[in-house]
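**Q**
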Amino acid sequence: VQLQASGGGLVQPGGSLRLSCAASGSILRFDVMDWYRQTPGKQRDLVAAVFSGGKTTYADSVRGRFTISRDIAKRTVYLQMNSLKPEDTAVYYCKATTWERDEFWGQGTQVTVSS
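Residues in the sequence shown are numbered from 272 upward in steps of one, following our numbering.
1) Less than 8 Å separating the beta-carbons of T327 and C292?
2) May I ask which residues mark the beginning and end of the beta strand (DSSP E) holding L355?
3) Going by DSSP, what residues sit across from K366 in a beta bridge?
4) What's the gap between the Cα of T360 and the Cα of E371?
5) Taking the continuous beta strand (DSSP E) assigned at L299, which residues delimit it?
6) Considering just the uninterrupted stretch of the beta strand (DSSP E) at D316, what are its terminal residues?
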């Protein structure tokens with residue numbers, strides 16, 4: 272299983288970005304797919320998750336601003352990020368967990384929110 276994350280970049284405060292995480296095969300094999308983020312010297316924190324039944328969860332810091340979604344046909348999970356703040360600056364990673372609890376990580380994509 273390979274996960275390819277993309278969509279990061281530099282954006283001004285208040286702006287928007289959409290991250291994508293494309294899987295090498297069907298995403299139906301995954302019980303849950305997540306987005307995490309990490310800043311230098313800190314642990315990797317969960318940002319949002321989407322479960323196989325469609326339920327979603329969000330970190331308090333992004334709820335109401337970020338939306339996680341998935342497109343089964345495109346084998347892709349998205350993270351729509353609106354009203355971005357400087358504190359959202361981080362490397363964002365996607366993760367997928369199979370029904371057998373095997374975990375796979377994509378490479379990170381840098382998001383920088385700065386004026």
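Where a beta carbon is used, it is the ideal one built from N, C-alpha and C, also for glycine.
**A** From the atom records:
1) Here residue 327 is taken as the residue at index 56 of the sequence shown, counted from 1. Here residue 292 is taken as the residue at index 21 of the sequence shown, counted from 1. Contact flag unset, no.
2) Your numbering for residue 355 matches position 84 in the sequence shown. Element bounds for L355: n/a, residue is neither H nor E.
3) Your numbering for residue 366 matches position 95 in the sequence shown. For K366, which the question treats as bridged, DSSP gives the partners D305 and W376.
4) Position 89 of the sequence shown, counting from 1, holds the residue named residue 360. Position 100 of the sequence shown, counting from 1, holds the residue named residue 371. Going from the Cα of T360 to the Cα of E371 covers about 33 Å.
5) Position 28 of the sequence shown, counted from the start, is the residue given in the question as residue 299. L299 -> no beta strand (DSSP E), and no H or E assigned at all.
6) Taking the sequence shown and counting its residues from 1, one reaches residue 316 at position 45. D316 to F322 is the extent of the beta strand (DSSP E) around D316.
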